[in-house]
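In order, the protein sequences belong to chains A and B.
Counting from 1, one number per residue, gives the positions in the first sequence under our numbering.
Counting from 1001, one number per residue, gives the positions in the second sequence under our numbering.
Note that beta-carbon positions come from the ideal geometry of N, C-alpha and C, so glycine has one too.
From a predicted model like this one, the values you see are computed outputs, not experimental measurements.
Protein chains: 2
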Amino acid sequence: MDWTGKHVLVTGGGGFIGSHLVDRLAARGARITVIDNFSTGFREYVPERGALRVVEGDLLDPHCLQSAIQGADFVFHLAANADIKENLKTPRRCVEQNVIATQNVLEAMRSAGVHDIAFASSGSVYGEASVLPTPEDAPFPVQTSLYATSKIAAEGLLTSYALGFNLRTWIFRFVSVLGPRYTHGHVIDFWRKLKADPTRLEVLGNGKQKKSYLHVADCVAAMLTAIDRSRDAISVLNLGHGDWIEVNQSIAIITRAMGVSPRISYTGGDRGWVGDAPRILLDTRRIQALGWAPTKTIEESILETLRFLNENPYVEQRT
Amino acid sequence: MDWTGKHVLVTGGGGFIGSHLVDRLAARGARITVIDNFSTGFREYVPERGALRVVEGDLLDPHCLQSAIQGADFVFHLAANADIKENLKTPRRCVEQNVIATQNVLEAMRSAGVHDIAFASSGSVYGEASVLPTPEDAPFPVQTSLYATSKIAAEGLLTSYALGFNLRTWIFRFVSVLGPRYTHGHVIDFWRKLKADPTRLEVLGNGKQKKSYLHVADCVAAMLTAIDRSRDAISVLNLGHGDWIEVNQSIAIITRAMGVSPRISYTGGDRGWVGDAPRILLDTRRIQALGWAPTKTIEESILETLRFLNENPYVEQRT
């Protein structure tokens, strides 16, 4: 796709993945509107520049959304409540911010006559996958978390609207993403705990959870590759890394990089929290067939994440 | 399960399937509260009697729900917006009435300390199934309708809450149901058209859509069998008939029963409406393994439905 002069709306553009996407689109000549409530995004991630307009607002406010979408040619819908572990404490918020907000985006697109939308879903929609690596057409999973439920509901809204109202949609099911501007997940949790007390580290579960991680630059490149090369009305694509690592391996990388040797204790059980899938590895043959492959190892991604956290103390202070 | 003296809340208890369930539970000695907004249900279906309390109210009104659920031991959540064909005209209503309403029921259960919930989902969650008969763990489908999206979202809420808050849930994915008190679907549509003009019949699609149908008495028996015999935290069960018929076969049964010989015209295409799945046949080995089997043929179900419509003109007048 030639993005030159295209007007792109990025919801959640002030967030971790969204802001990298904004940079990449800007480099390819797009004009960009970011809408973000900055509840988890950072103004620092999207400094104002010529081709970029930033609207501070919430997707649950339809008026704000309607004004942000005017003139858009393409929507990337990345805004979400991604606080998987905390969702059981505020179950309605997850549905509002991920399901209702997605329907608001789709309704705004219908009103404004915008036809193309890419969406950040999640590999968590496979629940406790019975097939590893997990392909897009894995056996129909039982949803184990409100977060994954809200993502699968949003996916269904996108595909139903695509068929019913002639939209085109790209749905990306991510593994966890790492790299600069990362703000939540196990790397920041461990890093923060070890800075506070380098002598000990408490780990949720038994440390044997094994998951795949993708670098944010690879993630954004994959999305843009898919949009360039797949023009179907509905594209559903896993985005992940062929490799995966145990929590214990991740801890070894983090402690070595930080130069600490903590005593490690485990809360026990085979998962980190209720609804956690202890093993995540996605089959990425579909996106690879479009000509994309990851360029960074998981270890490189972890180390870059730590470097970013060390160099940008405001992230720790404000998350 | 011994239902004697149990207090059961049935949402949508004034509807087609709900009212049959109420009758069956009452016969087994349960005390029942029905909550129904009677937008598609009928007061005639749930005449007041000793063991039955009827609350006219909407699940989007949490106060009404909270008062209805007091003292309940078990919830059957059958209330839904089931108007599949019309959902694209009012896309928000489907999400409100099927997703938000389901979350309201779950939150009311949490407040009231109720732990068991059975739910009427739908075989439409399989989209255009690539495997027929379709098992519960069929390849992960792309959702093709807002209705099915809302059902899969509701299923995910149920399973997430079950894991997160120690509930137990039975999820039933129905084929289309027929029999007494039926109020919408192709049988009433054709019957109504043929009463108005017995010389012609317009059919949506090409008449070759082929689907399975279940008698409402068999459907209710299956639900109660599953609750008796499956005590897992999460049970997901297809409910359907081993047989299926083409729309054209159904038309032959209906026209013969009505004694009419219309000229049949087709709107064309291989499906009735956007999002329609032209072939629906569910694999029901899971529920059959629990000791249930359908007792009525599809033809018997159609004929009973027609008899009911002929004998109860108020249904036609008020739908």
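Alpha carbon to alpha carbon, how far is B:R1110 from B:G1057? Give it in angstroms, no decimals. 20 angstroms
Would the beta-carbon of B:C983 fall within 7 angstroms of that of B:N1087? The question about residue 983 of chain B has no answer, for chain B in this structure spans 1001 to 1319.
Here's the rule: buried if 16 or more other CB atoms are within 10 angstroms of the residue's CB, otherwise exposed. What is B:S1235? buried
Could you name the residues of chain B that A:Q97 contacts, counting a contact when the two beta carbons are closer than 7 angstroms? Chain B residues near A:Q97: none, gap ~13 angstroms exceeds 7 angstroms.
Quick one: grab the DSSP three-state call for B:H1063. helix
A:Y213 by DSSP, collapsed to three states: which one? strand
Tell me the rounded alpha-carbon separation between B:G1079 and A:R192. One detail in the question is off: residue 1079 of chain B reads as Ala in this sequence, not Gly. Spanning the two alpha carbons is a distance of roughly 47 angstroms.
Taking 7 angstroms as the cut-off, decide whether the C-beta atoms of A:F140 and B:F1140 are in contact. yes
Using a Cβ-Cβ cut-off of 7 angstroms, state whether B:V1142 counts as contacting chain A. yes
Measuring alpha carbon to alpha carbon, tell me which residue in A:Q317, A:A277, A:I302 is nearest A:L132. A:A277
Please check the pair A:A30 and A:A51, which I expect to be a contact at CB under 8 angstroms, by giving their CB distance rounded to whole angstroms. 7 angstroms
Mind listing the chain B neighbours of A:V274? Cutoff is C-beta to C-beta under 7 angstroms, in chain order. L1163, G1164
Three-way DSSP call (helix, strand, coil) for A:E136 in this model: coil
Are B:L1237 and B:F1174 close, meaning C-beta to C-beta below 7 angstroms? no
Would you check if the segment 195-203 of chain A and the segment 257-272 of chain A touch, i.e. whether three or more CB-CB distances between them fall below 8 angstroms? yes
A:F165 in three-state terms, based on DSSP: helix
With a cut-off of 8 angstroms, do at least 3 Cβ pairs link the segment 1210-1221 of chain B to the segment 1009-1020 of chain B? yes
Can you say whether A:K195 is buried or exposed, counting buried as having 16 or more other CB atoms within 10 angstroms of its CB? exposed
7 angstroms Cβ cutoff met for A:V75 and A:A154: no
Would a C-beta distance cut-off of 7 angstroms place A:L157 and A:T169 closer than the cut-off? no
State the Cα-Cα distance for the pair A:W292 and A:A222, rounded to the nearest angstrom. 6 angstroms
Give me the DSSP bridge partner(s) of B:E1056. B:D1036
Give the single residue among B:A1120, B:F1119, B:Q1143 whose Cα lies nearest to the Cα of B:S1130. B:Q1143
For the segment 159-193 of chain A, list every residue whose C-beta sits within 8 angstroms of some C-beta in chain B, in sequence order. T159, S160, Y161, L163, G164, F165
Bounding residues of the alpha helix (DSSP H) (the contiguous stretch that carries B:F1042): Element bounds for B:F1042: n/a, residue is neither H nor E.
B:D1171 vs B:F1119 beta-carbon contact at 7 angstroms: It is Ile, not Asp, that sits at residue 1171 of chain B in the sequence shown. Yes, the pair counts as a contact, with Cβ atoms nearer than the cut-off.
For the segment 9-23 of chain A, enumerate the residues whose C-beta is nearer than 8 angstroms to any C-beta of chain B, in chain order. none
When DSSP labels each residue in this structure, what does B:R1049 get in the three-state scheme? strand
Determine which residues share a DSSP beta bridge with B:W1244 and list them. Answer is none; B:W1244 lacks a bridge partner.
The alpha helix (DSSP H) spanning B:V1315 covers which residue range? 1313-1317
Flag B:I1117 as yes if its beta-carbon sits less than 7 angstroms from any beta-carbon of chain A, otherwise no. no
Examine chain B for any beta-carbon lying closer than 7 angstroms to the beta-carbon of A:A153, and answer yes or no. yes
Kindly list, in the order they appear in chain B, the residues whose Cβ is closer than 8 angstroms to that of A:P139. D1137, A1138, P1139, F1140
Backbone CA spacing between A:H184 and A:G268 [nearest angstrom]: 22 angstroms
Where does B:G1275 land, buried or exposed, given buried means 16+ other C-beta within 10 angstroms? buried
Any C-beta of chain A within less than 7 angstroms: which residues of the segment 1270-1302 of chain B qualify? V1274, G1275
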